[in-house]
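**Student:**
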Amino acid sequence: TPWLAGNEYQVAGHSAVKQDLVILNAGSSTGTDPLGDYNATMLNWGNAQDKVPLMQTGFRQYHHDPGMLVFEQLFLKELNATEVKGSDLASATIFPSFKRPGKNQAPKGSEALDGFSYHGVFPKIEPCTLSNFTE
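The numbers in this note's numbering rise by one with no breaks, and the one at position 75 of the sequence shown is 85.
(1) Tell whether a beta-carbon distance below 9 Å holds between leucine 53 and threonine 40.
(2) Report the option in Ala102, Gly77 and Ile135 whose CA atom is closest to the CA atom of asparagine 49.
(3) What does a CB cutoff of less than 6 Å around phenylalanine 105 pick up in its chain, not counting 5 residues either side in sequence?
(4) Assign leucine 89 to one of three DSSP states: helix, strand, or coil.
(5) Helix, strand or coil, according to DSSP, for asparagine 49 in the structure here?
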């Protein structure tokens, strides 16, 4: 059982859960940045109907520490207020997003897993564990 799993992704009023935000294509690459050598996976997301690319997301996994991931998000077109009508998101986007397993399904010891929270209108990183995380 994983400690965390992927959850909802949203951009410009479109939702992966509602299936009107879909992965249009994917790619991979390798590179080096100040954190070290990495393998990267990039996903281009768009509207399911017209296939217009809206967002690119990336995941970097580092050779020296496979448990360290860096998430990246790029917007491929300008978003405007009319596109996000009906959304209560301050930033018009959700990425990355994780869900935790139910209390009786979590692997032993996972409640002490270190993490951080990052949310709000003016978000900042706050330390937490899985057992005391709040939204």
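Glycine included, each C-beta is placed from N, C-alpha and C at the ideal position.
**Tutor:** Taking the structure as given:
(1) Locating residue 53 in the sequence shown gives position 43, counting from the first residue. Locating residue 40 in the sequence shown gives position 30, counting from the first residue. Taking the C-beta atoms as reference points, threonine 40 is found no nearer than 9 Å to leucine 53.
(2) For the purposes of this step, residue 49 is identified with residue 39 of the sequence shown, where counting begins at 1. Ranking the options by Cα distance to asparagine 49, first place goes to Gly77.
(3) By 1-based counting over the sequence shown, the position of residue 105 is 95. Counting only Cβ-Cβ distances below 6 Å, and skipping sequence neighbours, we find Tyr19, Thr67 and Gln83.
(4) In the sequence shown, residue 89 corresponds to position 79, counting from 1. Leucine 89 sits in coil when the DSSP states are folded into three classes, being neither helix nor strand.
(5) On the sequence shown, residue 49 is found 39 positions in, with the first residue counted as 1. Asparagine 49: strand per DSSP, three-state reduction.
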